[in-house]
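Visitor: Using the numbering used here, read the sequence shown as starting at 18 and increasing by one per residue. Pasting in a structure now, in structure tokens, and then I'll have a few things to ask.
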Amino acid sequence: MSKISDCIDEIVGNENDEKDIEERNKKDIIFIAFWCLIYLAMLAIQAIFDEQIIQAVVAQLQIVVSVVLTARYCKTGYLLSVALNALSIVCVVFNGIAVGSILFVGIIIPVGTIISVSFLFGIIRKLHKSMKEASNQREELVKLAEEAEEAYEEVRKMNEQLLETSRVIKENEERLNHMALFDALTELPNRRMIINRLDFHISYSAKTGKKFAVVFIDLDNFKRINDTLGHEKGDMVIKKISQRITAALDTDDILGRLGGDEFAILVQRDVDSDEILKYVEEIRAAISEPIVIGNEEVTVNASFGASAYPKDGSDSTELLKCADMALYKAKADGKNRLEFFTPEMKEEIQHKVDFEASLVAGLNKEEFHLLFQPQHEPDGKKLRGFEALVRWRSEELGLVSPMQFIPMAEETGLIVELGTWIFKEACRKLRMAMDTYGLENLVLSVNISTIQLMQPDFYNIVKGIMEETGVYGRNLEIEITESVFIKSVDNAVEVLNKIKKLGISIALDDFGTGYSSLHYLRSLPIDTLKIDKSFVDGINRAESEKEIVGSIISLAHNMNLFVVAEGVEVEEQLSYLRDSGCDCVQGYLLGRPLDDEQFNETLRKASEYLRTSESPEYK
């Protein structure tokens, strides 16, 4: 842009250099003095020589000097020229008087010269004015050029900024497009991308008649990993699993992460059930290899559900739904397995969906109620307390067994809401019984689901209900099953220890029917051992089974545990348990689950018995 200024300087000149101006002024003074001397010399020659030719030559030289001075120095030169020519006229006049004859040519020429240089001066003045205007215009042009140069620089910077902004926008667009189609954690195609690819493959297969399959993958019990190791390590496990599946994947197939611990494989080949089964088995084996995360070793299993095009569906929505139903079936049937979609699954799943809806409606309509089964000392007379049992009488389904709705509640997570209601209602009934009948040592047992126990706010919920209802910890006992320790031993122990600080006792229910029971007895913070009904039934069958029950009682007492036997239904069982030192019994022989009226009647009788006999101390 600076070339513009250079061009202007070339056209109008540059008058701004002070050093050049000073040097030029010196030269001008010398030049003016020189020509003035020349002019004066001409005047002297005119006076000395009278020849006409010399006079003419001198006159011409005088004219040239006048013109040069005027042209060169403008106003100063013009004034000097006028002065010199006036001097010339004066000299001619005086010389004429002296000789008695005035040469009019000598007057005319200076006068003509004055007129000529005056005319020339006028022209020069106009020229100078024009040059001044040009100079002003040059300054304006220079200023405009500078402004243009600044504007050009601004435009250049703005252009660079626009280019950078465009680059950033393009990068962000690419990033957003990638985020929209790929999973951030695993870099696998996400659900949207899988659906897009599935739609494309369906369109292609519809024209070519080719078959393909969709396989859903869901990691079994992955929540336990997040709960025990934390979500950060859980994410590391997810990444490792995705890498293993990718490594086992056929080059023609596509693996995507649908979300959480769910994956999907688009098997872009015509494969039959046996081939898919073999394929899935290889992937399942890869997944189940131990994973080392820091100092932890984790083993993960997975369940699989498969659907096929076009047999199971003609669009992506239907195919994905069918694969999901097959996966649901695999989960329900024991996990760590593959299930292929069948039309019967729709009916089964719809039944479960309807049942779940009824369960939610039952909670909202308060269709649930509690029954209370008595627990007596082996004499059959002294009442220790009750076990609270939940029942559901549905307006739509009628009386629903706990064996049906409890597993569904656990599966859907509704067990948390239901369990909270059970505990609160049980505490309310207990407080009322103690206030009404004065049974201060009464113990109420409440079953707690594993899912409920592992909720982060479980302790606060229990404490809050106790404070609200005014129930003491010594009057409460929560029953857990061995499955809670299979999920997470350390977490369970931590929660139970907090609960025990509230004064609540812990009972291990269904002892002997689960896992490594004896192992847990050594390390768990339990106070009461409940012998399962299946062992009590064995008392009537064989001597060896009697001895098992007796051994359990002896073992529990050696560990300072209180023993309750469930399912006592005949006198022989009661007699043996009493002789074996069992601390407490419950079953149909001594009392069926009681409704509110029966519950109050039993409490009244227990209160009368205490008034007429020595008050026993209960654990």
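Even for Gly, the Cβ is constructed at its ideal location relative to N, Cα and C. Bear in mind that the values here come from a model prediction, so they are computed numbers and not experimental data.
With a threshold of 7 Å between beta-carbons, can residue 273 be considered close to chain C, or not?
Guide: Of the protein chains in this structure there is only one, and it is not chain C.
Visitor: Could you give the residue range of the beta strand (DSSP E) that holds residue 595?
Guide: No beta strand (DSSP E) contains residue 595, which is instead part of the alpha helix (DSSP H) from 588-596.
Visitor: List the DSSP bridge partners of residue 409.
Guide: BP columns for residue 409 point to 385, 417.
Visitor: Do you know how far the Cα of residue 338 is from the Cα of residue 388?
Guide: Whole-angstrom Cα-Cα distance: 41 Å.
Visitor: CA-CA distance, residue 592 and residue 395?
Guide: Rounded to the nearest angstrom, the two C-alpha atoms are 8 Å apart.
Visitor: Measure the Cβ-Cβ separation of residue 601 and residue 401 and say whether it is below 7 Å.
Guide: Cβ atoms of residue 601 and residue 401: closer than 7 Å.
Visitor: For residue 651, count neighbouring C-beta atoms within 10 Å of its own C-beta (all shown protein chains included) and say buried if the count is 16 or more, exposed if not.
Guide: The displayed coordinates of the chain run from 18 to 636. Any statement about residue 651 would go beyond what the structure contains.
Visitor: May I ask you to verify whether the region 183-190 touches the region 292-303, counting CB pairs closer than 8 Å and requiring at least 3?
Guide: At 8 Å Cβ cutoff, the stretches do not touch.
Visitor: Going by other Cβ atoms of all chains shown within 10 Å of its Cβ, with 16 needed for buried, is residue 477 buried or exposed?
Guide: By the neighbour-count rule (16 or more Cβ atoms within 10 Å), residue 477 is not buried but exposed.
Visitor: Between the alpha carbons of residue 247 and residue 253, how many angstroms are there, rounded?
Guide: Each residue's Cα considered, the two are about 10 Å apart.
Visitor: Rounded C-beta distance between residue 403 and residue 461? I'm assuming under 8 Å.
Guide: Confirmed, about 6 Å.
Visitor: Any idea if residue 547 is buried or exposed, counting beta-carbon neighbours within 10 angstroms, 16 or more meaning buried?
Guide: Buried: at least 16 other Cβ atoms inside 10 Å.
Visitor: Is DSSP giving residue 585 helix, strand or coil here?
Guide: DSSP places residue 585 in coil when its eight states are reduced to three.
Visitor: Could you check the C-alpha separation between residue 314 and residue 306 for me, to the nearest Å?
Guide: Rounded to whole angstroms, residue 314 to residue 306 spans 10 Å at the Cα level.
Visitor: Could you check what DSSP says for residue 493 in three-state terms: helix, strand or coil?
Guide: In this structure, residue 493 counts as strand in the three-state DSSP scheme.
Visitor: If we count Cβ pairs, one from each stretch, closer than 8 Å, do we get three or more for the region 372-384 versus the region 576-596?
Guide: In short, these stretches do not touch, since the Cβ pair count stays below three.
Visitor: If you count every other CB in all the chains shown that lies within 10 Å of the CB of residue 576, and 16 or more means buried, which is it?
Guide: Exposed, by the Cβ-count rule.
Visitor: I need the straight-line Cα distance from residue 282 to residue 301, nearest angstrom please.
Guide: Going from the Cα of residue 282 to the Cα of residue 301 covers about 13 Å.
Visitor: Identify whether residue 326 lies in helix, strand or coil by the three-state DSSP scheme.
Guide: If DSSP states are grouped into helix, strand and coil, residue 326 belongs with the strands.
Visitor: According to DSSP, which residues form a beta bridge with residue 189?
Guide: None; residue 189 has no bridge partner.
Visitor: In the DSSP assignment, find the unbroken beta strand (DSSP E) run with residue 547 in it and report its ends.
Guide: Unbroken beta strand (DSSP E) run through residue 547: 545-548.
Visitor: Per DSSP, which residues does residue 470 bridge with? Please list them.
Guide: Residue 470 is not bridged to any residue.
Visitor: By Cβ distance, which residues of its chain are closer than 6 Å to residue 303, with the 5 residues on each side in sequence left out?
Guide: Contacts found: 261, 265.
Visitor: Taking Cβ positions, are residue 229 and residue 285 nearer each other than 7 Å?
Guide: Closer than 7 Å, so yes.
Visitor: I need the boundaries of the alpha helix (DSSP H) containing residue 462, first residue and last residue.
Guide: Unbroken run through residue 462 is the beta strand (DSSP E), 460-464; no alpha helix (DSSP H).
Visitor: Starting from residue 341 and walking both ways along the alpha helix (DSSP H), at which residues does that stretch end?
Guide: Start and end: 333-349.
Visitor: Can you check whether the CB of residue 515 is closer than 7 Å to the CB of residue 482?
Guide: Not a contact, by the Cβ cut-off of 7 Å.
Visitor: I'd like to know if the region 351-359 and the region 563-572 are in contact, where contact means that at least 3 CB-CB pairs between them fall below 8 Å.
Guide: Because the criterion of three Cβ pairs below 8 Å is not met, the region 351-359 and the region 563-572 do not touch.
Visitor: Report the three-state DSSP secondary structure of residue 579 (helix, strand or coil).
Guide: Residue state, collapsed to three classes: strand.
Visitor: Determine the direct distance from the alpha carbon of residue 450 to that of residue 617, and round the result to whole angstroms.
Guide: Their Cα atoms are separated by approximately 8 Å.
Visitor: Return yes when at least one heavy atom of the ligand COA lies under 6 Å from the C-beta of residue 453, else no.
Guide: This structure lacks the ligand COA; in fact it carries no ligand of any kind.
Visitor: Going along the chain, which unbroken runs of the alpha helix (DSSP H) with 4 or more residues stay wholly within the region 262-328?
Guide: Runs of the alpha helix (DSSP H) inside the region 262-328: 290-305.
Visitor: Could you tell me the distance, in whole angstroms, from the CA atom of residue 552 to the CA atom of residue 605?
Guide: Spanning the two alpha carbons is a distance of roughly 16 Å.
Visitor: Output the distance between the C-alpha atoms of residue 412 and residue 427, rounded to the nearest integer angstrom.
Guide: The alpha-carbon atoms of residue 412 and residue 427 are separated by roughly 22 Å.
Visitor: Go ahead and pull the three-state DSSP assignment for residue 391.
Guide: In this structure, residue 391 counts as strand in the three-state DSSP scheme.
Visitor: Starting from residue 5, follow the beta strand (DSSP E) in both directions and report where the run begins and ends.
Guide: The requested residue 5 does not occur in the structure, where the chain is confined to residues 18 to 636.
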